[in-house]
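One structure below.
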Amino acid sequence: MIDYSNFINGDFVDSQGGERITVTNPATGAEISKVPETPHEQIEAAIAAAEKAQPAWAALPAVVRAKHLHELADKIREKVEPLARVITEEQGKTLPLARVEVNFTADYIDYMAEWGRRIEGEVMESDRPKENIFLFRKPIGVVVGILPWNFPFFLIARKLAPALICGNSIVLKPSEETPNNAFEFCKILNETDIPAGVVNLVSGYGATVGRALTESPKVGMISFTGSVETGSRIMAAAAQNITRVNLELGGKAPAIVTAHADLDLAATAIQASRVINSGQVCNCAERIYVQRSVAEAFTGKLVEKMKAARFGNPLEDETLDYGPMINQAGYEKVVRLLDAAVSDGAQVLCGGGRGADESGFYFEPTVVANCTQAMDLVKKEIFGPVIPIVVFDELDEAIAMANDTEYGLTSSVFSNDLNEAMNLVEALKFGETYINREHFEAMQGYHAGWRKSGIGGADGKHGLHEFLQTQVVYLQRS
Ligand code: NAD
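Residues in the sequence shown are numbered from 2 upward in steps of one, following the numbering used here.
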């Protein structure tokens with residue numbers, strides 16, 4: 002079993018006999034590592050190291066910071082296979098998906114590095130003679146990045162790469178479910194010339210280590226990805242020091258399938274969306290609204306595709322479609338939501354249980370018909386390989402039900418009638434809408450939820466600007 006140490010000021014630092022957290026493989030329950038429940042002095046030391054390193058890092062030309070990031074991306078590419086295995090072992094996604102995650106992480110770091118020469122200020126017209134008004138974009142200082150477990154490696158890059166290219170330093174806290182890949186990331190980072198203290202990592206539980214990081218007056222920005230409940234707690238902690246927050250929270254993505262949809266395409270895209278990473282993806286389809294005239298045909302196609310999805314231990318079989326869910330709590334949530342829907346009249350068309358393998362947190366690919374908008378299965382984030390179907394007659398009904406949610410991250414429309422599709426897009430109140438394709442965002446887009454799905458966003462130019470603050474300078478010439 003590996004015993005990891007925190008990464009502070011360029012060194013792996015022993016947590017001096019403090020409490021350790023045991024990390025397990027969700028496919029088997031086997032214990033795979035121990036990581037620190039970081040003591041308070043080390044949390045302070047990590048923040049202090051980041052604070053000390055940041056001015057010199059920010060003083061480097063952005064193009065030099067970019068070179069450091071490109072070096073990091075290249076070193077990650079040299080280790081795709083071992084990193085993918087670490088991710089799969091602790092998180093449960095398939096090895097091919099873990100490889101995609103590692104490669105995407107390297108590409109994302111390169112992409113953000115390319116913004117180095119493109120961080121721009123502005124010059125405004127003055128109301129006065131002989132005056133210039135300049136707007137500078139500047140780093141914020143110390144950024145805290147708090148990570149979830151579902152795409153743990155990629156989310157390091159989504160926080161670190163924009164923070165660093167903008168001249169900030171960072172303290173990362175991985176999820177207690179999936180910290181190993183973050184420690185492996187730090188080993189790679191330690192082989193680069195990125196100066197000590199620019200990147201630090203401390204592990205531990207959210208209520209203790211996460212909370213201490215978010216309450217620190219030395220932190221300029223908290224970039225968080227995770228649940229709405231934790232996002233709300235982080236906002237409350239940040240309120241003490243008016244710390245800037247960037248929150249990427251949960252979703253309950255509707256997929257609207259109209260009478261004009263390519264039903265094969267819709268069934269393929271929604272099935273992929275529902276089984277990838279065992280359905281534990283914030284932006285993936287979580288509920289379907291299908292028009293009555295095509296409901297039966299579409300449902301039949303979807304059930305066939307869901308039934309064909311194969312799951313099991315991802316380290317034993319690379320050809321599986323998905324692995325286990327992350328933990329017992331995630332599994333029980335799915336069971337609870339499904340049982341409640343069935344007792345209110347929903348009908349399970351396929352799946353509905355654990356399957357033959359009792360060793361991990363597995364759940365069968367499940368399609369649920371006869372659902373209504375009132376059911377929690379249709380309203381709350383499921384985060385498992387289960388999809389409820391609601392039938393509608395008029396498009397206005399579908400729009401009203403799709404928008405009837407406290408979340409507002411992503412949505413999708415399946416229709417080959419472009420007027421119809423764009424009318425739906427116009428009415429949907431979500432940060433992202435996918436038309437006739439699977440649910441996945443691009444790094445040059447802007448991933449930002451409405452309502453309780455978040456504040457601010459990630460990716461592209463707009464995501465980059467979240468990590469900068471402005472200084473406006475008035476120059477009066479004589
Ligand atoms: P979570 O909120 O339980 O935990 C996320 C992180 O927050 C962990 O590192 C945890 O230790 C930490 N944490 C918990 N309490 C804290 C506190 N009081 N203060 C500071 N930190 C604290 O979320 P999760 O279960 O790891 O992730 C799943 C959730 O993340 C889902 O809701 C999913 O939709 C969401 N998610 C959103 C996006 C997005 O881009 N919008 C992406 C991935 C996941």
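No residue lacks a Cβ here, since even glycine has one placed at the ideal position from N, Cα and C.
Put simply, of GLU45, SER16, ASN371 the residue whose alpha carbon is nearest the alpha carbon of VAL392 is ASN371. Short of 7 angstroms from the beta carbon of CYS283, and not among the five residues preceding or following it, lie these beta carbons of its own chain, in chain order: GLY251, GLY252, LEU410. When distances are taken from the beta-carbon of GLY450 to the heavy atoms of the ligand NAD, the shortest one is below 7 angstroms. The beta carbon of ASN247 sits closer than 6 angstroms to those of SER224, GLY457, GLU467, all from its chain and outside the five residues before and after it, given in chain order. In this structure, the straight-line span from the alpha carbon of ALA268 to that of ARG438 is close to 10 angstroms. Only exposed fits GLN17, as fewer than 16 other CB atoms lie within 10 angstroms of its CB.
By DSSP's assignment, ALA459 forms a beta bridge with HIS448. If the five residues before and after LEU338 are omitted, its C-beta is found closer than 7 angstroms to the C-beta atoms of ASP377, LEU378, LYS381, ILE383, all from its own chain and listed in chain order. Here the stretch 156-166 makes contact with the stretch 63-70; the two share three or more CB pairs at distances below 8 angstroms. Not one heavy atom of the ligand NAD falls within 7 angstroms of the beta-carbon of LEU202.
Residue pairing for TYR435: DSSP places it in a beta bridge opposite SER413.
The residue among THR406, LEU156, ALA298 with its C-alpha nearest the C-alpha of ILE110 is LEU156. A distance criterion of 7 angstroms places the beta-carbon of TYR206 in contact range of the ligand NAD, judged by its closest non-hydrogen atom.
The distance from the Cβ of ILE22 to that of ALA47 is about 17 angstroms, inconsistent with a contact at the 8 angstroms cut-off.
Taken from the Cβ of ASN247, every heavy atom of the ligand NAD lies 7 angstroms or farther away.
Sequence-distant partners of LYS76 (beyond 5 residues in either direction) whose C-beta falls short of 7 angstroms from its own C-beta, in its chain, are ILE189, GLU192, THR193. No heavy atom of the ligand NAD is found nearer than 7 angstroms to the CB of GLU52. Looking at ILE44, SER294, TYR323, the one whose alpha-carbon comes closest to that of MET307 is TYR323.
At a threshold of 7 angstroms, LEU410 counts as near the ligand NAD, since its beta carbon sits closer than that to one of the ligand's heavy atoms. At the C-beta level, PRO97 and ARG275 stay beyond 8 angstroms of one another. Within the same chain, Cβ atoms closer than 7 angstroms to the Cβ of ILE44 are found at VAL203, VAL210, ALA213, LEU214, the five residues on either side in sequence being excluded.
Apart from the 5 residues on each side of it in sequence, ALA449 sits with its Cβ closer than 6 angstroms to the Cβ of GLY432, GLY458 in its chain, given in chain order. Going by beta carbons, LEU429 and ALA403 fall inside the 8 angstroms limit. Per the DSSP secondary-structure output, ILE22 pairs in a beta bridge with VAL36. In this structure, the straight-line span from the alpha carbon of ALA208 to that of PRO149 is close to 14 angstroms. Put simply, the backbone Cα of PHE312 is about 32 angstroms away from that of ASN417. Per DSSP, CYS187 is not a residue of any beta strand (DSSP E); the alpha helix (DSSP H) it occupies stretches across 181-191. In the three-state scheme derived from DSSP, where H, G and I count as helix and E and B as strand, ASP111 is classed as helix. As far as DSSP is concerned, ASP358 takes part in no beta bridge.
Runs of the beta strand (DSSP E) lying entirely within the stretch 378-406 and spanning at least 3 residues, in chain order: 387-393. Shown here for THR29: same chain residues with a beta carbon closer than 8 angstroms to its own, the five before and five after excluded, namely ASN314, SER360, GLY361 in chain order.
Distance between GLU115 and PRO366, taken at the CA atoms: about 40 angstroms.
In the DSSP secondary-structure assignment, TYR290 is bridged to ILE257, VAL391. LEU350 is positioned such that its CB atom lies no closer than 8 angstroms to that of VAL336. Take the alpha-carbon of ALA375 and the one of GLY205: they are about 38 angstroms apart. Three or more pairs of CB atoms, one per stretch, sit closer than 8 angstroms, so the stretch 138-149 contacts the stretch 216-232.
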